[in-house]
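Q:
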Amino acid sequence: MAKDGKKQGTDLHQSSSFSEWERKFSSQEERKERFLSLSFREQPRVVTPEQVNGYSYSDRLGYPGEFPFTRGVHATMHRGRLWTMRQFAGFGSPEDTNRRFKYLLEHGQTGLSTAFDMPTLMGYDADHSKSRGEVGREGVSLSTIEDMDLLFSGIALDHVTVSMTINCTATVAMAMYFAVARRRGIPFDRLGGTIQNDMLKEFIAQKEWICPPEPSVKLSCDIVEYCAESAPRFNPISISGYHIREAGATAVQELAFTLADGVAYVEHCLERGMDIDSFAPRLSFFFDVHNDFFEEIAKFRAARRIWAYLMRDRFGAMTERSMKLRTHAQTAGVSLTAQQPVNNVARVALQALAAVLGGVQSLHTNSMDETLSLPTEEAVKVALRTQQIIAEETGVTNVVDPLGGSYYMEQLTDQIEAEALEYIAKIDGLGGMLKAVEVGFPQKEISEASYRFQLMVDDRDYAMVGVNKYQDEQEQEIPLLHIDYELERKQIETVKAFKAKRNAKEVNEHLDQLRKACSSGSNVMPVLIDAVDSGVTLGEVSDVYREVFGIYTDPGTI
Amino acid sequence: MTDKKEMKVSPIRVLIAKPGLDGHDRGAKVIARALRDAGMEVIYTGLHQTPEMIVQSALQEDVQCIGMSILSGAHMVLFPEVMRLLKENDASDIIVFGGGIIPKPDVVKLKDQGVQEIFLPGTSTREVIEWVRTNVPARE
Chain A
130 MAKDGKKQGT DLHQSSSFSE WERKFSSQEE RKERFLSLSF REQPRVVTPE QVNGYSYSDR
190 LGYPGEFPFT RGVHATMHRG RLWTMRQFAG FGSPEDTNRR FKYLLEHGQT GLSTAFDMPT
250 LMGYDADHSK SRGEVGREGV SLSTIEDMDL LFSGIALDHV TVSMTINCTA TVAMAMYFAV
310 ARRRGIPFDR LGGTIQNDML KEFIAQKEWI CPPEPSVKLS CDIVEYCAES APRFNPISIS
370 GYHIREAGAT AVQELAFTLA DGVAYVEHCL ERGMDIDSFA PRLSFFFDVH NDFFEEIAKF
430 RAARRIWAYL MRDRFGAMTE RSMKLRTHAQ TAGVSLTAQQ PVNNVARVAL QALAAVLGGV
490 QSLHTNSMDE TLSLPTEEAV KVALRTQQII AEETGVTNVV DPLGGSYYME QLTDQIEAEA
550 LEYIAKIDGL GGMLKAVEVG FPQKEISEAS YRFQLMVDDR DYAMVGVNKY QDEQEQEIPL
610 LHIDYELERK QIETVKAFKA KRNAKEVNEH LDQLRKACSS GSNVMPVLID AVDSGVTLGE
670 VSDVYREVFG IYTDPGTI
Chain B
499 MTDKKEMKVS PIRVLIAKPG LDGHDRGAKV IARALRDAGM EVIYTGLHQT PEMIVQSALQ
559 EDVQCIGMSI LSGAHMVLFP EVMRLLKEND ASDIIVFGGG IIPKPDVVKL KDQGVQEIFL
619 PGTSTREVIE WVRTNVPARE
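Residue numbers (the working numbering), protein chains in the order written: chain A, 130 to 687; chain B, 499 to 638.
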């Protein structure tokens, strides 16, 4: 009532309930019949307190840095420390990548991330016949300990954290990294970084492998066990949803399969007799961050909550650090378009913003030219600057979990959590992720989702700017990185020369010891560090794995 | 409606192949499935195939067409090798197309070597289906 006693705004009528409001405006037309998220989720027009009632703040959200960590794993989040800006880089020879690393560090990057080429990722030395045409093309070539030394030449391994994206040959790369540190007199407990080392997602999505799933998981856990004892600052695994998503999974599938992978590794380590709190704090994660802004933010929040409850209630973790899901994120490579490539800068910026609002610890932003080739220095710099603009100019780092409490955000987080838990229960029902992978369950789910999405794009039910909408007649030309095929010849020569000058007897002895360690089921890491130090190559170790554990080949189902 | 004359034509047989060591099979699988849904007989090689394995499968399966997908950057070595092996085996009548992350200048070079078409990111499955129907001669 106004002062003079007259009613104010007598035409105003506020609906007394959501259903009344819905009825009142039900005939109002909208642009589309259904509003779907990128993961085919039907989106509500609005969310009100009535849809999120009965909410327990302490059970569902909690304060930042406290259980269940929905709002973030640290109390101060990006007010305390910005995320690590970590651009994935690797191409050509170790010297080429070393130069790119130094360039990135000079421009304010705060951590390194290494991409290896396909032969390295599949366990072939540069001079193997299967490596032809592939050496140094999709990452840096690594066959020997000398390659590893050159890769990090002039870089203080005890002062920078290093991430290595490598899986079926992770044991070899890790051993070479440790051996180089040992040569430089750096104790292992001063090494910080992350090795991807997640074999389950290889079978699900990324598909670089040597041996069948079971021995592969065993080798992954060898690194987890070794690091827990000898390199406690190193993250021995990065349980990855990125590749799962890029292969076509929905946000929920990405989340569920990744966490189910995590469960499988935890179970394997517990079966070995390890104490949950001795290794769980160093389990790290890696998620994709795609186009659907809110869905992605909700995914990160749901991920933290599910993991915290799993670790506390299912595995009986005692220390808080075991329950914190720390994650790296990378913008979605698959969302980038070859058409009008400069538009990709905008896509990457929005995805990166979602990652930051989602509370990630580390971030890679893709370069605009990556649907065409590996990125140029200039393109990488724009991608790095994008993160710096978000960090320094937008103010989004000022407040922790600024979207927390939004009716929509909390409902979405709950939905994604519930759907992911349903998948995890289904995978438990199949006997765990290892079994689920063997019967092709997650692979099949991803294929279905990926085909469904492609048909949506083909039918223009999902708009891709510059591809199926707002196309240009004129193509946009941007400079591309060219990798000389001459590089391959040089790498082959280098590897051959390295092999020729080794002590053959010593190499064979080390290979024998490795064979024994593999057959007996003991941890391969101690033997492996000495082996690579004496000159055993990545391909030779992989051959022992093939011999002892067998070879896995693609079932090739469509 | 299909008339009697058309019914005699057998479906196009296509080999979808993944040469090289990269594991990016999303595109290959989507194309394989789209061609199959369009009524063609599709054989998918699975991952990590050498040029020799691909040509061997093509001959064994008696396909009219090979579609190769590659995202590892090794296309300038592996595609020409497949073309060379097809020629060596008197199978140059098999029509070859490709797709993946392939820079424009390489597309021109690959076409010079006999690869009939290269589809780049953003291609719809319909375009590929149409292209195969138009370019692969029907078999009686």
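Note that the Cβ used here is the ideal one computed from N, Cα and C, for glycine as well.
Owing to the predicted nature of the structure, the values given are computational and were not obtained by experimental measurement.
Please name the residues in the stretch 593-617 of chain A whose beta-carbon is closer than 9 Å to at least one beta-carbon of chain B, in chain order.
A: Within the stretch 593-617 of chain A, the residues whose Cβ lies closer than 9 Å to some Cβ of chain B are M593, G595, V596, N597, E604, E606, L609, H611, I612, Y614, E617, listed in chain order.
Q: Taking C-beta pairs closer than 7 Å, name the residues in chain B that A:E263 reaches, listed in chain order.
A: Under the 7 Å cutoff, chain B gives G518, L519, S570, A572.
Q: Mark A:A554 as exposed unless 16 or more other C-beta atoms lie within 10 angstroms of its C-beta, in which case mark it buried.
A: The residue in question, A:A554, is exposed, as its Cβ has fewer than 16 Cβ neighbours within 10 Å.
Q: Taking the alpha-carbon of A:A431 as reference, which of A:G487, A:R441, A:R644, A:L412 has the nearest alpha-carbon?
A: The shortest Cα separation from A:A431 among A:G487, A:R441, A:R644, A:L412 belongs to A:G487.
Q: Are the stretch 322-332 of chain A and the stretch 354-374 of chain A touching, with three or more C-beta to C-beta distances below 8 Å?
A: Contact holds: three or more Cβ-Cβ distances are below 8 Å.
Q: Do B:I616 and B:I627 have their beta-carbon atoms positioned less than 8 Å apart in this structure?
A: No.
Q: Could you say which of A:V176, A:K153, A:D390, A:M303 lies nearest to A:R535 if we only look at CA atoms?
A: The sequence shown places Ser at residue 535 of chain A, not Arg. Nearest of A:V176, A:K153, A:D390, A:M303 to A:S535, Cα basis: A:V176.
Q: Tell me whether the beta-carbon of B:A526 lies closer than 8 Å to the beta-carbon of B:S555.
A: For B:A526 and B:S555, no; Cβs fall outside 8 Å.
Q: Look at the alpha carbon of B:T500 and the alpha carbon of A:I575, and state the distance between them as a whole number of angstroms.
A: For B:T500, the predicted structure reports a pLDDT of 46, less than 50, and the residue's modelled location is therefore unreliable. A value from the coordinates is still provided. Cα to Cα, the separation comes out at about 35 Å.
Q: Rounded to the nearest angstrom, what separates A:R174 and A:I519 at their Cα positions?
A: Approximately 29 Å between the Cα atoms of the pair.
Q: Indicate whether the contact test is met: 3 or more Cβ pairs, each with one atom in the stretch 508-516 of chain A and one in the stretch 492-500 of chain A, closer than 8 Å.
A: Counting Cβ pairs under 8 Å, three or more are found: they touch.
Q: Taking Cβ positions, are A:A393 and B:G620 nearer each other than 8 Å?
A: Not closer than 8 Å, so no.
Q: Any C-beta of chain B sitting closer than 8 Å to the C-beta of A:L167?
A: No, A:L167 lies away from the interface with chain B (no Cβ there is under 8 Å from its Cβ).
Q: Between the stretch 375-392 of chain A and the stretch 541-555 of chain A, do three or more beta carbon pairs fall short of 8 Å?
A: Yes: the two stretches touch, three or more of their Cβ pairs being nearer than 8 Å.
Q: I need the DSSP call for A:M130, collapsed to helix, strand or coil.
A: Legend: pLDDT at A:M130 = 47, less than 50; position of this residue unreliable, value from coordinates given subsequently. Looking at A:M130 - three-state DSSP - the assignment turns out to be coil, as it is neither helix nor strand.
Q: So with Cβ pairs under 8 Å, would you call B:I599 a contact of chain A?
A: Yes - at least one Cβ of chain A is within 8 Å of the one on B:I599.
Q: For B:M551 versus B:V512, is the C-beta spacing smaller than 8 Å?
A: Against a cut-off of 8 Å, the Cβ pair of B:V512 and B:M551 comes out as no contact.
Q: Taking only three categories from DSSP, how would you classify A:E375?
A: Note: A:E375 maps to helix in three-state DSSP.
Q: What is the DSSP secondary structure of A:I315, counted as helix, strand or coil?
A: The answer is coil: DSSP assigns A:I315 none of H, G, I, E or B.
Q: Pull out every residue of the stretch 572-592 of chain A whose Cβ sits closer than 8 Å to any Cβ of chain B, in chain order.
A: So the list reads S576, S579, Y580, Q583, L584, V586, D587, given in the order they occur along the chain.
Q: Rounded to whole angstroms, what's the CA-CA distance from A:L167 to A:D421? Just pull it up for me.
A: Spanning the two alpha carbons is a distance of roughly 6 Å.
Q: Using DSSP with H/G/I as helix, E/B as strand and the rest coil, what is B:F577?
A: The answer is helix: DSSP assigns B:F577 an H, G or I state.
Q: Out of A:Q469, A:V677, A:Y192, point me to the one whose CA is closest to A:E602's CA.
A: Of A:Q469, A:V677, A:Y192, the residue nearest in Cα terms is A:Q469.
Q: Hey, which unbroken runs of the beta strand (DSSP E) at 3 residues or more fall wholly within the stretch 389-445 of chain A?
A: Runs found: 412-418.
Q: Rounded to whole angstroms, what is the Cα-Cα separation between A:D276 and A:P223?
A: If you take the alpha carbons of A:D276 and A:P223, they lie about 6 Å apart.
Q: If we ignore side chains and look at the alpha-carbon of each, how far apart do A:Y192 and A:M328 end up?
A: Approximately 34 Å between the Cα atoms of the pair.
Q: DSSP on B:C563, reduced to helix/strand/coil?
A: B:C563: strand per DSSP, three-state reduction.
Q: Along the beta strand (DSSP E) that carries A:M293, what are the first and last residues, could you check?
A: Note, A:M293: beta strand (DSSP E), 291-294.
Q: Under a three-way DSSP split, which group does B:K502 fall into?
A: Interpretation of B:K502 is limited by its pLDDT of 49, a score under 50 that renders its predicted location unreliable; no figure is taken from the coordinates.
Q: For A:G209, which residues from the same chain have a beta carbon less than 7 Å from its beta carbon, with the 5 sequence-adjacent residues on both sides left out?
A: Taken in chain order, the residues that qualify are H203.
Q: Helix, strand or coil: which one does DSSP assign to A:R581?
A: The answer is helix: DSSP assigns A:R581 an H, G or I state.
Q: Using beta carbons (cut-off 8 Å, strictly below), is A:L329 in contact with chain B?
A: No, A:L329 lies away from the interface with chain B (no Cβ there is under 8 Å from its Cβ).
Q: Out of A:M247, A:G201, A:V653, which has the shortest C-alpha to C-alpha gap to B:L570?
A: The sequence given here places Ser at residue 570 of chain B; Leu does not occur at that position. When each option's Cα is compared against that of B:S570, the closest is A:M247.
Q: Do A:D683 and B:L545 have their CB atoms nearer than 8 Å?
A: Yes, the pair counts as a contact, with Cβ atoms nearer than the cut-off.
Q: Assign B:K502 to buried or exposed, taking buried as 16 or more other Cβ atoms, counted over all protein chains shown, within 10 Å of its Cβ.
A: Below a pLDDT of 50, predicted positions are generally treated as unreliable, and B:K502, at 49, falls in that range; the measurement from the model is reported next regardless. Per the 10 Å Cβ criterion, exposed.
Q: How about B:G518 and B:A572: do their beta carbons lie closer than 8 Å?
A: Going by C-beta atoms, B:G518 is nearer than 8 Å to B:A572.
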